[in-house]
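Worksheet: one structure, shown below.
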Amino acid sequence: MDLFLIQLTVFVLAVFVGYHVISKVPSMLHTPLMSATNAVHGIVIVGAMLVAGAAIGGAVGHAIGLAAMILGAINVVGGFAVTERMLEMFKGKTGSGQS
147 MDLFLIQLTV FVLAVFVGYH VISKVPSMLH TPLMSATNAV HGIVIVGAML VAGAAIGGAV
207 GHAIGLAAMI LGAINVVGGF AVTERMLEMF KGKTGSGQS
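If you read the sequence shown in the numbering used here, its first letter stands for residue 147, the second for the next number, and so on.
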């Protein structure tokens, strides 16, 4: 079997499994889950850079690597944004003149 086809199969299966795992998580746990996995998504971006650099599938390999980098970066930024909003909920109100 062609190496590119194996890599594409692993990629598609990872997307499928990831979607189904996250869809089974209760909504009240999504925020802690996102904030705890930012480091993992950083590793995903590094892996995507390696895949794009190797370009085993030629232009298609570059496109898959680029898509993985973009989606990983969006996920990291979104995770940090949600974490920031979550931490803002735990801060006290500053209505008593304190800054």
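Note that beta-carbon positions come from the ideal geometry of N, C-alpha and C, so glycine has one too.
- Exposure of residue 160 is indicated by the presence of fewer than 16 other C-beta atoms within 10 angstroms of its C-beta.
- Look at the stretch 151 to 239 and you find these whole runs of alpha helix (DSSP H), each 4 residues long or longer: 176 to 182, 184 to 200 and 205 to 236.
- Shortest Cα-Cα distance from residue 226 to any of 162, 188, 197 and 212 involves 188.
- Residue 199 has its alpha-carbon roughly 39 Å from the corresponding atom of residue 234.
- By the CB criterion at 8 Å, residue 218 and residue 191 fall inside the cutoff.
- One alpha carbon belongs to residue 214, the other to residue 155, and they sit about 14 Å apart.
- Contact annotation: residue 207 and residue 150 have beta-carbon atoms nearer than 8 Å.
- Residue 148 has its alpha-carbon roughly 24 Å from the corresponding atom of residue 164.
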